[in-house]
Every structure is written in structure tokens, then in C-alpha cells.
Amino acid sequence: MTTLKFRGKEWPMAFTLEAMDLIEQTAGKTIDAVTFKIATREDRRVLLCAISAMMQAAAKDGETVPTAEELRKTATPGWLIDAIKPVVDCIGEGMRMETEEGPGEDDEVDLVLEEIKKKESPSG
Numbered sequence: 329m330t331t332l333k334f335r336g337k338e339w340p341m342a343f344t345l346e347a348m349d350l351i352e353q354t355a356g357k358t359i360d361a362v363t364f365k366i367a368t369r370e371d372r373r374v375l376l377c378a379i380s381a382m383m384q385a386a387a388k389d390g391e392t393v394p395t396a397e398e399l400r401k402t403a404t405p406g407w408l409i410d411a412i413k414p415v416v417d418c419i420g421e422g423m424r425m426e427t428e429e430g431p432g433e434d435d436e437v438d439l440v441l442e443e444i445k446k447k448e449s450p451s452g
């Protein structure tokens, strides 16, 4: 399970259908069109919403997680850059098929996940 440290706590994250829908709703585009970078205010808004959505998806019943706005008010640009990798890793975990074996030479490749990985860029 992917975690992200915020305010001295390791927050578990999960990429579920609920998180996926919330990210798409927030971004106003499909998940394969979302890029995770910090170059613009809109980029940062989408990334923070994704982080909060994935924290919420992994939260225990009744557990309160930071909202995107709470993250925005207290997070630093450096923290947000460091958060991109766990976000992409979490999406990768969520998109992975539940099998014991890794992908073989003739196995299908998840093109959405591969596109997200290509777009991952700490510099924006």
C-alpha cells in the first residue's frame, strides 16, 4: 500500500473507483488525460484533490483525512513535488490486476497507466 507523509503522519492512499471518479470530477477530464504536475494553480488543485481523494479511499470508517484545501494551506511546493511519485505509484497499484504473476511478454499492457507514468514529471 502506498503512503504519503503529511504533518508527521503516514497517510495510506488507495486508488479505488470512488477515488478515480472524484479525481475525474475534480479535474473535469478523464483520468488518462490528467497530468500530475505543479506548474499552474490548476495543476496543483488537481494534484491536491487527487491526494485527498486517495487518502479518503484508504481511510478507516470515521477517520478524517486532510481535504485538498487543508493540504493547499499548509503544504510546501517541495512536499507537493515529492508527492507526485506516491500518487502515480498508488494509481499503478489500483490499476494492477489482482494476480500473483507479473506481466509476461504476451500480456496486455494498461495503456492508461503507461500514459500516466510518461506524464509524471517533478518539474511540471
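For the sequence shown, the working numbering assigns the number 329 to the initial residue and increments by one for each residue that follows.
Each residue gets a CB set at the ideal place from its N, CA and C atoms; glycine is no exception.
{"Asked": "Between the CA atoms of T368 and K388 - distance to the nearest angstrom", "Found": "32 Å"}
{"Asked": "Integer-rounded CB distance, given that I379 should sit under 8 Å from L399", "Found": "6 Å"}
{"Asked": "Contact set for V393: own chain, Cβ-Cβ below 6 Å, skip 5 residues either direction", "Found": "M383, Q384, A387"}
{"Asked": "8 Å Cβ cutoff met for L332 and I366", "Found": "no"}
{"Asked": "Within 8 Å, strictly: CB atoms of K445 and V415", "Found": "no"}
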